[in-house]
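Under the numbering used here, think of the first position of the sequence shown as -13, with each following residue one higher.
Cβ atoms here follow ideal geometry from the backbone N, Cα and C, with glycine treated the same way.
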Amino acid sequence: MKTNILGVQFDNYTVEEAINKSIESLENKKGFVIYTPNPEIVNVTKKDKDFAGILNSADIVTPDGIGIVYASRILKGNIKYRAPGFDIAKGIIEKLNERAGSVYLFGGKPTVAEAAAENLKKEYKNLVICGTQDGYFKDDTEIISSISQAEPDLLLVCLGAPKQEKWIYENKGKLNAGILIGAGGSIDVLAGQAKRAPEFFTKHGLEWLYRLIKQPSRIKRMIKLPLFLIDVILKGERNNAC
Ligand code: UDP
């Protein structure tokens, strides 16, 4: 059962369920897509009408933000927990390591994907890193051909939202990738250039507070969360009835 938050259909999967479903998909088909929107990304659908369709075209859509869990509570939906992109991607990588699977790292500033690859190689001895590519490009023709030739089991696309979701949607048929995930700043964390919030913050749904303390300029973005919830209260019932 999906929960409709302002037109975006969220799955009620735990991180573990999302990982298992993704790994199972490798037996059947290529191009299994995972998106993990937060309230900011759901808000994009207000101005960009096609974007909800792009998000809803994914095989798995889980919330990467406590705001979506609050929205679900307001709408009496099914979502109980966040299932962030980083945790799902890391879990898939762990399972791929067990079967000597492959991952292609795409996104971030120059050298970030390579640094992430080095760290992953140290942690996961059987994992095959079949390619790395930064996320600042004018023409992606060669990138598409490089990924398609590498045929990765997992393609991490870290271009920030909504760019990464749109890029995956437009190109997934050409990429020969098993699982594709829009994973935002995960590449910086894997590279050791950004830190995740300590467990206390993540456990209590306070990751936003940690990020605000670390980067006070995010206040402009965060001020939109209460507005998002007001929108859910005003429009949510109508949406949910669809
Ligand atoms: N990024 C990229 N290409 C772009 C824009 C962003 O590779 O054209 C990368 C950026 O370097 C960072 C990641 O996308 O590693 C996530 O960016 P951001 O922090 O804006 O997204 P968030 O994680 O907040 O969704």
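Return yes when the Cβ of residue j is within less than 7 Å of the Cβ of residue i, no when it is not.
| i | j | result |
| --- | --- | --- |
| glycine 222 | leucine 61 | yes |
| cysteine 116 | proline 148 | no |
| alanine 75 | serine 172 | yes |
| valine 175 | leucine 140 | no |
| valine 143 | isoleucine 154 | yes |
| proline 49 | isoleucine 65 | yes |
| valine 47 | tyrosine 21 | yes |
| glutamine 119 | isoleucine 130 | no |
| phenylalanine 187 | glutamate 193 | yes |
| glycine 93 | threonine -11 | no |
| glycine 170 | glycine 191 | no |
Looking at C-alpha atoms only, which residue of the options is the closest neighbour of residue i?
| i | options | result |
| --- | --- | --- |
| leucine 113 | Phe186, Tyr122, Ala102 and Gln119 | Ala102 |
| tyrosine -1 | Val55, Asp34 and Lys15 | Val55 |
| glycine 71 | Gly51, Ala86 and Glu13 | Gly51 |
| lysine 210 | Ala44, Gly17, Gly53 and Glu3 | Gly53 |
| lysine 32 | Glu109, Ala69 and Val(-6) | Val(-6) |
| asparagine 157 | Ile40, Ala4 and Asn(-10) | Ile40 |
| lysine 152 | Ser43, Ser58, Ala86 and Pro212 | Ser43 |
Tell me where the alpha helix (DSSP H) around residue i begins and ends.
| i | result |
| --- | --- |
| valine 135 | Looking at the sequence provided, one finds glutamine at residue 135 rather than valine. First-last of the alpha helix (DSSP H) with glutamine 135: 127 to 136. |
| phenylalanine 123 | First-last for phenylalanine 123: undefined, no H or E at that position. |
| asparagine 6 | 1 to 11 |
| leucine 82 | 71 to 84 |
What residue range does the beta strand (DSSP E) around residue i cover?
| i | result |
| --- | --- |
| glutamine 119 | 114 to 119 |
| tyrosine 110 | Here tyrosine 110 belongs to no beta strand (DSSP E), and DSSP marks it neither H nor E. |
| tyrosine 21 | 18 to 21 |
| tyrosine 90 | 88 to 93 |
| glutamine -5 | -6 to -4 |
Tell me whether residue i, by its Cβ, gets closer than 6 Å to a heavy atom of the ligand UDP.
| i | result |
| --- | --- |
| isoleucine 154 | no |
| leucine 145 | yes |
| glycine 222 | no |
| lysine 95 | yes |
| aspartate 174 | yes |
| glycine 170 | yes |
| glycine -7 | no |
| glycine 178 | no |
Is residue i near the ligand PLP, judged by its Cβ being under 6 Å from some heavy atom?
| i | result |
| --- | --- |
| aspartate 126 | No copy of the ligand PLP occurs in the structure displayed; its ligands are the ligand UDP alone. |
Would you call the segment 90 to 101 in contact with the segment 173 to 190, where contact means no fewer than 3 C-beta pairs closer than 8 Å?
yes
Segment contact flag, the segment 160 to 169 with the segment 10 to 27, C-beta cutoff 8 Å, min 3 pairs:
yes
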